[in-house]
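Enquirer:
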Amino acid sequence: MVKRAVFSVCGPNYAARVAALMASAATHLPDHERWVVLATERIGQSEQASLPPATRLVTPGDAAVPDLDVRRRLYNVTEFCTAIKPDIIQWLWRQGYDEVVYFDPDIVLFDRPDEIGRAWAAGAEVALTPHLATATDHPGWVMRAVNLSGQFNLGFIAVRNRPEARRLVEWWRAQIAWNCIEDAGNGTFVDQKVVDHFPALSAAVHVIRHPGYNVAYWNLHEREMTRTGGRYATAGLPLAFFHFSGFEMFGAGVSRHTALARAGDGAVETILRDYGRRLVAGNDLALSLAPYDYDRFPDGTRSSALLRQALHRAIRAEAIAAGDILRPGFLLAPVPAVAPARYGGAVPRILALIAGFADLPEELRQPFDGYLAADHARRHKAVIPLLMALHRLGAVDAGTAEAIAGARHSPAPPAEADGGRITRLTWPADLGIEGWRQIVRLPALPFLLHSARPDLMESFDLDTAEGLIGYLAWFLAIGQESWKARAETIGDVVTALDQVPLPAPADLGVTEGSLLDAAILHVFAPATRHEGPPAPAGVLALEALLSGARNGPIKPAVAHVLRTWLWHREGGATPKILRLLAASARLRGRLLGSHTTRRITVEAVDEALSAIGLADLGRHPPPPPLARRRLPVPDDVASDCAIVGPFASVSGVGHAARGLRTLLRAAGRRPASIDLLAPADRPDAAGGDGWPTDRPLPLLVLHANADVTLDAIAKFEPLWRRAARRVGYWYWELPAMTGRMAAPAMLLDEIWVATEFVRRSVAPQVAIPVRVRPPVLQPADFTPSSPGGGSFGASRRGYRFLTVLDARSFLARKNPAGVVGAFLQAFPEGDEPAELLVKLSNGHGADQGLANLRDMAAADRRVRVLDGHFTDIEMNDLYESADCFVSLHRSEGLGLGIAQAMMRGKAVIATGYGGPMDFLSTRTAFLVPFRMVPVERDAYPDWLGQEWAEPDERAAAVYMKELVRNPAAGRALGDRARPAAERFFSPARILGQIPGPAAPPPLSRGAA
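Under UniProt numbering, the first residue of the sequence shown is numbered 1, with each subsequent residue one higher.
(1) Quick one: measure Cβ to Cβ for Met-960 and Ala-822, integer angstroms, because I've assumed they're closer than 8 Å.
(2) May I ask which residues mark the beginning and end of the alpha helix (DSSP H) holding Gly-645?
(3) Among Arg-223, His-257, Pro-646, whose alpha-carbon lies nearest the alpha-carbon of Thr-134?
(4) State the Cα-Cα distance for the pair Ala-485 and Arg-72, rounded to the nearest angstrom.
(5) Tell me whether Leu-702 sits in a helix, a strand or coil according to DSSP, three-state version.
(6) Hey, Glu-953 and Arg-931 are a contact pair by Cβ (cut 8 Å); roughly how many whole angstroms apart?
(7) So, with DSSP's three-state summary, where would you put Ser-773?
(8) Within 10 Å of its beta-carbon, does Gly-513 have 16 or more other beta-carbons around it, so buried, or fewer, so exposed?
(9) Go through its chain and collect everything with a Cβ distance to Val-935's Cβ below 6 Å, but skip five positions before and after it.
(10) May I ask you to report which of helix, strand or coil DSSP gives Ala-20?
(11) Between which two residues does the alpha helix (DSSP H) carrying Pro-816 extend?
(12) Please classify Arg-862: is it buried, with 16 or more other beta-carbons within 10 angstroms of its beta-carbon, or exposed?
(13) Let me know if residue 1009 comes out buried or exposed under the rule of 16 or more other beta-carbons within 10 Å of its beta-carbon.
(14) Inspect the beta-carbon positions of Asp-926 and Pro-774 and report whether they are closer than 8 Å.
(15) Give the C-beta separation of Glu-835 and Gly-798 to the nearest angstrom, bearing in mind that I take them to be a contact with Cβ-Cβ under 8 Å.
(16) For Arg-725, count the other beta carbons within 10 Å of its own beta carbon; 16 or more makes it buried, fewer makes it exposed. Which is it?
(17) Starting from Val-758, follow the alpha helix (DSSP H) in both directions and report where the run begins and ends.
(18) Is Glu-416 helix, strand or coil when you go by DSSP?
(19) Would you list the one or two residues that DSSP bridges to Lys-839?
(20) Measure the alpha-carbon distance for Ala-969 versus Leu-963 and round it to whole angstroms.
(21) How many whole angstroms separate the CB atoms of Gly-246 and Tyr-217, which I take to be in contact at a CB cut-off of 8 Å?
(22) For Trp-91, count neighbouring C-beta atoms within 10 Å of its own C-beta (all shown protein chains included) and say buried if the count is 16 or more, exposed if not.
(23) Going by alpha carbons, who is nearest to Arg-923 out of Ala-980, Trp-567, Lys-715?
(24) Going by beta carbon distance, what residues of the same chain come within less than 6 Å of His-376, once the five residues before and after it are set aside?
(25) Identify which residue in Glu-874, Gly-830, Tyr-879, Glu-125 has its Cα closest to the Cα of Ala-857.
(26) Just mark Ile-990 as buried or exposed, buried being the case when its beta carbon has 16 or more other beta carbons within 10 Å.
(27) Less than 8 Å between the beta carbons of Gly-843 and Ala-807, yes or no?
(28) Tell me, which residues are paired with His-197 by DSSP?
(29) Pick out whichever of Ala-16, Leu-591, Gly-912, Trp-752 has its Cα sitting closest to the Cα of Asn-705.
(30) Would you grab the beta carbon distance between Leu-699 and Asp-781 for me? Rounded to a whole angstrom, and I think it's under 8 Å.
(31) Might you give, ordered along the chain, the residues of its own chain that have their beta carbon closer than 8 Å to the beta carbon of Met-1, omitting 5 neighbours on each side?
(32) Relative to the C-alpha of Val-708, which residue among Trp-720, Trp-730, Pro-718, Leu-719 is closest?
(33) Would you mind working out which of Val-58, Pro-53, Ala-54 sits nearest Gly-44, comparing C-alpha positions?
(34) Rounded to whole angstroms, what is the Cα-Cα separation between Leu-676 and Gly-645?
(35) Could you give the distance in angstroms between the alpha-carbon of Leu-29 and the alpha-carbon of Val-9?
(36) Which residue comes first and which comes last in the alpha helix (DSSP H) that contains Leu-718?
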């Protein structure tokens, strides 16, 4: 028995339309099982309820669409639904269907489409319908549209599960999977231009030329419609199905895609009116408003046409891999193609400046957009006023303005320009180009937009500093709205700039501040320096302040300069702020609220500024508040600090957190411990003992890596707010921490790290102290259940090498395959008295590296992989049973496994690189030589541009052979390692570095 299916694909907003299609299919194709694929992650009750009974509703994920997470973000809803049609056909074939028919969701059947059955009877395997079926004098707009969009309309296709059809559908799928875009002007219109080739590729393709099939606005001129007795006909033949492409409920035309007007009466008007009534009855007015969020990026940014276009170009040019877009932070990741020489002092200044003007009004936005859209002869006239305003703001220098507008300007004064860059600020002499590159890592988002628009590439040459600055000014002020990017995308850059300490110009009387402060001081300098931003730029600046563009209180130095500028009486008795308010109703509304009709006076503005928390900008600012003092600690309070950490975790960070708690308790102190993994309303759960809500907190230590610090603070915000001093305990395993990763440092007063290697990585990216505080390791913690390692020791097969890793700690970094490879090189014969144990945690994933590791181990019975979570006693027994610990890591922040092996007196073979070098030497370990290599894609967070060590497996193999030949050498090595490790990780050494209640901590930013 032949099994048949009819299906459609659509977004949630087309639920009522696809319901109308399926209702007609139930009537006219009763022998076909009905399927709807809804482009969403979750199916709601309203969508399911709207469909006729026995219609199956699934998501693309249910249908196992390949590369779904990537492809759905590369397309809009129409492109995506089109791109997966061949995937759904193949999926239905796998479900056992012999014949599959596809209809667009905005089609309705009016009769049984028997031409499909006739095509099958004639031996066809694929059936298509053309846009045009007669050789007549078609209107010019129709011919142009068909030439651009293809000969066949893919609102319908029917296929059989036969060899030729399978071959064509697979070819179709391969052609459109990554290139199903609406770009008719460049020869691509979703899937239709591809299917134009079908008749030439196979004789099994049948073209249905019946005038009653796929009737739509593009062929109404050749298919006269009539209605007799409730039945429709075209060119005298029954209407099989009508395609309501571009139908608008309240539109005056046949379709939104054409200016063709509806007839006042007749069959076409009747069929459109009846369709509209059917949609209303199907709740289309509500369902059509359903949002389409299937294209959002992992960070929440909504995909847009420009972003998708840029990503397609980048993927085709192999500049990025398609899977890159799923990487967290991809849209903010640094772009390596931007040369370091392009990072001048003006770049961070313009980033800070324009990011503060997010709410640009039309009068400033239109000139630049007009410049980009107009022809070259008109561009310079439209943009000159804006360019001059940006130039006065310091955003664009004279050379850039000249290059863009084609106008002639006198050169900037020597004191203000140097090599095309404005240099009014005195930048630190030791902060060179490389320093700027590390401080300001420009995100990928602006450059994707630049590559997507030829007008931008023509207007802004990113190979020059001037072009880069001019482009960033345009992007941050105007272009960012094209992407529908979240405010955080721009805010992250501004936040990073505010963390960089930078001395301000001495002649402004400011001795300290951030790079962002220096930028604002440069723009809004007092009248003694220059006049400052003119209107409307001055209006924009004030609007940005009133809108809270700079979160938090304004720093005193900045407030002083802004106040001087706002209240300056230039050329008259009226302060500038009053004249700006008089010129802008929008500004008056933002500042004065409902009192916009009141007389604008100094007193009224003073009152309004105070009411919105900007009293420091008033004409008569309040006196500066007294410096905040440390919260007093009552004598009866025994606890002097709190620690938030994963106390119940078996991870290295959890071990370090427990070690610090044990140390403080052993010293007679009483730290409160709060488990990071416990519910926020139960801080005493899972090994934590909480902190009383009414007690001051002098010191808070967050044992949470940089990437989860913000989550930890959000989870325990009341605790964080009460802390007088906040310390983060961070691990990092690459030579340089990125500014993006280090951003949470702005919420801390100090960072502790385990090794000097980590300190060197973190310190350049933060403006707070970074101190080396290794975790505490005590010999008593490593006592086995019995000498020899209990049951682990009983299973020995010779000299035992051991390596330990957590698969979540980035397999490529831990490099267990290197350990296995070195072992196999050392003992190739298979009969040497040696074995290797690979202790693996969290190895249940489908990572290819894990699969390769298991395959390597399976090839030699002497290599065993132990997978699972062991108790502390079991881990002690495992270490005790081993003779040598091996770590051929590519990088380590600490190397806890190495340290624990040394504390147990075991021989160690380790890469001579990274954090372990704080406590390793040639006297205490066999150090494996290495060479520095680039970090592979996605092998570690923020891998781009980073390097790590590639250990020499041959050297490690030599060490292994030597230890098996001479076990006494290994025991001697372990005997030297134990006291060295005990000294380095001794409690007394760590205890002297932990501040107690008697030592008043420094003031904390924002401490309550």
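C-beta: ideal position from N, C-alpha, C; glycine also.
On a predicted model such as this, the values are computed, not experimentally measured, just so you know.
Expert: This is what the structure holds:
(1) Indexing the sequence shown from 1 puts residue 960 at position 960. Indexing the sequence shown from 1 puts residue 822 at position 822. Right, the Cβ-Cβ distance comes to about 6 Å (below 8 Å), so this counts as a contact.
(2) Working through the sequence shown from its first residue, we reach residue 645 at position 645. No alpha helix (DSSP H) holds Gly-645; the beta strand (DSSP E) holding it covers 642–645.
(3) For this step, residue 134 is matched to residue 134 along the sequence shown. Closest by alpha carbon: Arg-223.
(4) Here residue 485 is taken as the residue at index 485 of the sequence shown, counted from 1. Here residue 72 is taken as the residue at index 72 of the sequence shown, counted from 1. Because the pLDDT at Ala-485 is just 48, under 50, the model does not fix this residue reliably, and the value given afterwards should be weighed accordingly. Distance between the alpha carbons of Ala-485 and Arg-72: 18 Å.
(5) To locate residue 702, count along the sequence shown from 1; it is residue 702. The answer is strand: DSSP assigns Leu-702 an E or B state.
(6) Counting from 1 along the sequence shown, the entry for residue 953 is found at position 953. Counting from 1 along the sequence shown, the entry for residue 931 is found at position 931. Between Arg-931 and Glu-953 the Cβ distance is about 12 Å, and since that is not below 8 Å, they are no contact.
(7) Stepping through the sequence shown from its first residue, residue 773 is reached at position 773. Strictly speaking, residue 773 in this sequence is Arg, with Ser absent from that position. In this structure, Arg-773 counts as coil in the three-state DSSP scheme.
(8) Here the question's residue 513 lines up with position 513 in the sequence shown. Reliability of the predicted coordinates at Gly-513 is poor, the pLDDT of 46 falling under 50, and no value is obtained from them.
(9) One-based indexing of the sequence shown puts residue 935 at position 935. Excluding positions up to five away in sequence, the list reads Trp-943, Gln-946, Trp-948.
(10) Along the sequence shown, one-based indexing puts residue 20 at 20. In this structure, Ala-20 counts as helix in the three-state DSSP scheme.
(11) The residue you call residue 816 lines up with position 816 of the sequence shown. Start and end: 816–826.
(12) Counted from its first residue, the sequence shown places residue 862 at position 862. Buried is the call here.
(13) No statement about residue 1009 is possible, as the shown extent of the chain runs from 1 to 1008 and does not include it.
(14) Translated into the one-based positions of the sequence shown, residue 926 becomes position 926. Translated into the one-based positions of the sequence shown, residue 774 becomes position 774. A quick correction: the sequence has Phe, not Asp, at residue 926. Contact flag unset, no.
(15) The residue you call residue 835 lines up with position 835 of the sequence shown. The residue you call residue 798 lines up with position 798 of the sequence shown. Contact flag correct, Cβ pair sits at about 6 Å.
(16) As a working note, residue 725 is residue 725 in the sequence shown. Buried, because 16 or more other Cβ atoms sit within 10 Å of the Cβ of Arg-725.
(17) For this step, residue 758 is matched to residue 758 along the sequence shown. First-last of the alpha helix (DSSP H) with Val-758: 756–762.
(18) Taking the sequence shown and counting its residues from 1, one reaches residue 416 at position 416. Confidence at Glu-416 is low in this model, with a pLDDT of 33, below 50, so the placement of that residue is unreliable and no value is reported for it.
(19) Position 839 of the sequence shown, counted from the start, is the residue given in the question as residue 839. Paired residues: Val-804, Leu-866.
(20) Translated into the one-based positions of the sequence shown, residue 969 becomes position 969. Translated into the one-based positions of the sequence shown, residue 963 becomes position 963. Spanning the two alpha carbons is a distance of roughly 7 Å.
(21) Taking the sequence shown and counting its residues from 1, one reaches residue 246 at position 246. Taking the sequence shown and counting its residues from 1, one reaches residue 217 at position 217. Between Tyr-217 and Gly-246 the Cβ distance is about 7 Å, and since that is below 8 Å, they are a contact.
(22) In the sequence shown, the residue the question calls residue 91 occupies position 91. Buried, by the Cβ-count rule.
(23) Numbered from its first residue, the sequence shown carries residue 923 at position 923. That would be Ala-980, whose Cα lies nearest to the Cα of Arg-923.
(24) Position 376 of the sequence shown holds residue 376. Residue placement at His-376 is flagged as unreliable, the pLDDT there being 34, under the threshold of 50; the coordinate-derived value follows with that caveat. No residues qualify anywhere along the chain.
(25) The residue you call residue 857 lines up with position 857 of the sequence shown. The residue with the shortest Cα to Cα distance from Ala-857 is Gly-830.
(26) Working through the sequence shown from its first residue, we reach residue 990 at position 990. Buried, since its Cβ has 16 or more Cβ neighbours within 10 Å.
(27) Along the sequence shown, read from residue 1 onward, the residue named residue 843 stands at position 843. Along the sequence shown, read from residue 1 onward, the residue named residue 807 stands at position 807. Contact: yes.
(28) Position 197 of the sequence shown, counted from the first residue, corresponds to residue 197. In DSSP, His-197 forms no bridge with anything.
(29) In the sequence shown, the residue the question calls residue 705 occupies position 705. Looking at the Cα atoms, Trp-752 is the closest of the given residues.
(30) Mapped onto the sequence shown, residue 699 falls at position 699. Mapped onto the sequence shown, residue 781 falls at position 781. In fact, because the Cβ distance is near 24 Å, the residues do not count as touching under 8 Å.
(31) Here residue 1 refers to the residue found at position 1 when the sequence shown is read from its first residue. Within the same chain, Met-1 has no close Cβ partners at all.
(32) The residue you call residue 708 lines up with position 708 of the sequence shown. Considering only alpha carbons, the answer is Trp-730.
(33) The sequence position of residue 44 within the sequence shown is 44, counting from 1. The option with the nearest alpha carbon to Gly-44 is Val-58.
(34) Numbered from 1 along the sequence shown, position 676 holds the residue referred to as residue 676. Numbered from 1 along the sequence shown, position 645 holds the residue referred to as residue 645. Cα to Cα, the separation comes out at about 5 Å.
(35) Counting from 1 along the sequence shown, the entry for residue 29 is found at position 29. Counting from 1 along the sequence shown, the entry for residue 9 is found at position 9. The straight-line gap from Cα to Cα measures roughly 18 Å.
(36) As a working note, residue 718 is residue 718 in the sequence shown. Note that residue 718 is Pro in the sequence shown here, rather than Leu. 717–722 is the extent of the alpha helix (DSSP H) around Pro-718.
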